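Notes for the one structure printed next.
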Amino acid sequence: MTRMALCLCGLLALAPCAYAQEFTVEELVAAARERAPELQVARTEVGVASGQVMQAALRPNPMLATSHEREPGGMAITTVEVEWPLDLFRRPSRVAVARGTVDITSLSIRDRERLLASAVREQAGRVLAARRALELTNEALTVARRIRDLLDRRVTEGGSTKLDANLAAVEALRLEAEAAVAAGDVEAATIELKALAGLAPDARLVLSESLEALVGSPMVPPMTPVAAMEARPDLREAIARIGLADARAEEARQDARSEISMVGGYARNHYTFPQLGFNERGVPVPIQNSFHTFTIGARMTLPWSNRNQGVLASALAERQGAEALFSARQRAARAEIDASVAREREARRAVEIYATTVRELARQNVDVILEGYDLGRFPLSDVLMEQRRYLDVETAYTEVLSRAYDARTAVARAFGETR
-7 MTRMALCLCG
3 LLALAPCAYA
13 QEFTVEELVA
23 AARERAPELQ
33 VARTEVGVAS
43 GQVMQAALRP
53 NPMLATSHER
63 EPGGMAITTV
73 EVEWPLDLFR
83 RPSRVAVARG
93 TVDITSLSIR
103 DRERLLASAV
113 REQAGRVLAA
123 RRALELTNEA
133 LTVARRIRDL
143 LDRRVTEGGS
153 TKLDANLAAV
163 EALRLEAEAA
173 VAAGDVEAAT
183 IELKALAGLA
193 PDARLVLSES
203 LEALVGSPMV
213 PPMTPVAAME
223 ARPDLREAIA
233 RIGLADARAE
243 EARQDARSEI
253 SMVGGYARNH
263 YTFPQLGFNE
273 RGVPVPIQNS
283 FHTFTIGARM
293 TLPWSNRNQG
303 VLASALAERQ
313 GAEALFSARQ
323 RAARAEIDAS
333 VAREREARRA
343 VEIYATTVRE
353 LARQNVDVIL
363 EGYDLGRFPL
373 SDVLMEQRRY
383 LDVETAYTEV
393 LSRAYDARTA
403 VARAFGETR
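Counting in this note's numbering, the sequence shown runs from -7 upward without gaps.
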């Protein structure tokens, strides 16, 4: 009986298995921000937008026109004309639109990084929760197998009943099935985590931290809700969209103004007649001459019917939509911040209840049943049932730890944390 009691008490020492250190959760978040394919694609959009800024800052090229005419009578006309657009008042507004696009693209990528970091942390929490469940099941399975083997020997020796041996065998097989399911959960969650972090499918991914350590570590005090809302990239992106709509409206107004281009030209007219004339010496010479003409002026468009009314109306409507988007995101962000703080506070309290009271009482109940079994007061079925209750408590504790960890992750996401 003493050996059996020692085996059963081993269930209470549910120490986590040793894992080789490769990644912490935050190291994995950093790797995901660097390697995630969707972020790599999104970062190319910044280069595209930056190229648009460069193009918007360039001034229009001058235009050169030339022609040559020759008539049968001998007259020839050669003209060269240069037109240089002044691009008055248009360049600043054009550059402002392009820079607004860069700001929106950059803030959108930062918001994707925020959401990706949160997704990686959440998936890492699933891996750690599945790993803890597997460790608990494996520990219980080890103890159940020892009990089964011990009772098999006692039945052979005549010191125990066949029913007790069968009960122990059923319990061991049940735990073996649960361990197989738990191992599959760990493997599947790890595969999903590698894909989310941008790691190769055959990469060896091992998290060096435990769920208890992460939940028990002190949480960095977040900034105030007002400061968080000012710093969140999704809200800043919505504000940038309002600025972009204003810039597009201003660009439409400037494009509606008259466009002025400086024009300069040179013309050479050469005339030849079939008659002869006399020069100052009285010698007959062909009648011909060349005339050189230089012109300078300006060309101006007249905004008569087209004053970009449609473009301006579109920009104003875009601004109204951007304002509505900002208002909606602002309300959603404040609700997300308040809800995440409340959920994290209560989840932390639930963890404290389990860690300081529930688990200890469950251990004491197992001890009492074991003592009663040793004294012959309880059958083995009661011992196995109490063990299952203890495992249920540990499983519920894992769930509470997982919820507390998810709540911490939600707080970080709500306060705009990207790293």
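Note that the Cβ used here is the ideal one computed from N, Cα and C, for glycine as well. Note that the structure is predicted; figures quoted are calculated from it, not measured.
Take the Cβ of residue i as the centre, count every other Cβ of all protein chains shown within 10 Å, and call the residue buried at 16 or more, exposed below.
{"i": "PHE286", "result": "exposed"}
{"i": "ALA407", "result": "At residue 407 the sequence reads Phe, which differs from the Ala that was named. With 16 or more Cβ atoms within 10 Å of its Cβ, PHE407 is classed as buried."}
{"i": "ASP374", "result": "exposed"}
{"i": "PHE318", "result": "buried"}
{"i": "VAL392", "result": "buried"}
{"i": "VAL277", "result": "exposed"}
{"i": "PHE283", "result": "exposed"}
{"i": "THR349", "result": "exposed"}
{"i": "PRO379", "result": "For the record, residue 379 in the displayed sequence is Gln; it is not Pro. Its Cβ being crowded by 16 or more others within 10 Å, GLN379 is buried."}
{"i": "ASP194", "result": "exposed"}
{"i": "ALA172", "result": "exposed"}
{"i": "VAL358", "result": "buried"}
{"i": "ARG(-5)", "result": "A caution first: ARG(-5) carries a pLDDT of 41, below 50, which makes its placement in the model too unreliable to give a value."}
{"i": "GLN115", "result": "buried"}
{"i": "SER209", "result": "exposed"}
{"i": "GLY92", "result": "buried"}
{"i": "VAL207", "result": "buried"}
{"i": "SER59", "result": "exposed"}
{"i": "SER297", "result": "exposed"}
{"i": "LYS186", "result": "buried"}
{"i": "ARG228", "result": "buried"}
{"i": "GLU409", "result": "buried"}
{"i": "GLN13", "result": "Bear in mind that a pLDDT of 43 at GLN13, under 50, signals an unreliable position, so the number given afterwards is only what the model happens to contain. GLN13 should be labelled exposed."}
{"i": "THR182", "result": "buried"}
{"i": "THR148", "result": "exposed"}
{"i": "GLU344", "result": "exposed"}
{"i": "ARG405", "result": "buried"}
{"i": "ASP15", "result": "For clarity, residue 15 is Phe in the given sequence; the question names Asp instead. Its Cβ being crowded by 16 or more others within 10 Å, PHE15 is buried."}
{"i": "GLU131", "result": "buried"}
Suppose contacts are defined by Cβ-Cβ distances below 8 Å. Is residue i in contact with residue j by that definition?
{"i": "ILE69", "j": "ALA232", "result": "no"}
{"i": "PRO52", "j": "PRO29", "result": "no"}
{"i": "GLY257", "j": "VAL72", "result": "yes"}
{"i": "LEU203", "j": "TYR397", "result": "yes"}
{"i": "LEU191", "j": "ALA164", "result": "no"}
{"i": "GLN17", "j": "ARG113", "result": "Note on residue identity: the sequence assigns Val, not Gln, to residue 17. Yes. Within cutoff."}
{"i": "ASP247", "j": "ASN300", "result": "yes"}
{"i": "ALA111", "j": "LEU188", "result": "yes"}
{"i": "LEU294", "j": "ILE279", "result": "no"}
{"i": "LEU126", "j": "ALA174", "result": "yes"}
{"i": "GLU310", "j": "ARG86", "result": "no"}
{"i": "PRO217", "j": "ARG326", "result": "yes"}
{"i": "ALA161", "j": "ARG140", "result": "yes"}
{"i": "ALA136", "j": "LEU167", "result": "yes"}
{"i": "ARG224", "j": "GLU105", "result": "no"}
{"i": "ALA41", "j": "VAL94", "result": "yes"}
{"i": "ALA354", "j": "ARG395", "result": "no"}
{"i": "SER332", "j": "ALA230", "result": "no"}
{"i": "ARG323", "j": "ALA402", "result": "no"}
{"i": "VAL255", "j": "GLY302", "result": "no"}
With a cut-off of 8 Å on the beta carbons, I'd call residue i and residue j a contact; round off their distance for me.
{"i": "ILE329", "j": "ALA220", "result": "6 Å"}
{"i": "ARG123", "j": "VAL178", "result": "5 Å"}
{"i": "ASP156", "j": "LEU383", "result": "Not confirmed; about 20 Å, so no contact."}
{"i": "ALA342", "j": "ARG240", "result": "That belief does not hold up - the Cβ atoms of ALA342 and ARG240 are roughly 51 Å apart, past 8 Å."}
{"i": "ILE234", "j": "ALA314", "result": "4 Å"}
{"i": "MET252", "j": "MET215", "result": "For clarity, residue 252 is Ile in the given sequence; the question names Met instead. 52 Å between Cβ atoms; not a contact."}
{"i": "PHE81", "j": "ARG337", "result": "With a Cβ gap of about 56 Å, PHE81 and ARG337 do not count as contacting."}
{"i": "MET55", "j": "GLU37", "result": "About 33 Å; that fails the 8 Å criterion."}
{"i": "LEU128", "j": "GLU386", "result": "5 Å"}
According to DSSP, which residues form a beta bridge with residue i?
{"i": "GLY313", "result": "Answer is none; GLY313 lacks a bridge partner."}
{"i": "PHE270", "result": "PRO276"}
{"i": "MET55", "result": "GLU75"}
{"i": "ARG260", "result": "THR70 and HIS284"}
{"i": "GLY289", "result": "VAL255"}
{"i": "ARG62", "result": "ALA68"}
{"i": "PHE265", "result": "ILE279"}
{"i": "PHE318", "result": "PHE318 pairs with nothing; no bridge assigned."}
{"i": "PHE15", "result": "LEU199"}
Checklist entry - Counting pairs of Cβ atoms below 8 Å between the segment 40 to 50 and the segment 99 to 110, do you hit three or more? => result no
Next on the checklist: Does the structure place the segment 119 to 138 close enough to the segment 195 to 202 that three or more beta carbon pairs sit under 8 Å?
Outcome noted: yes
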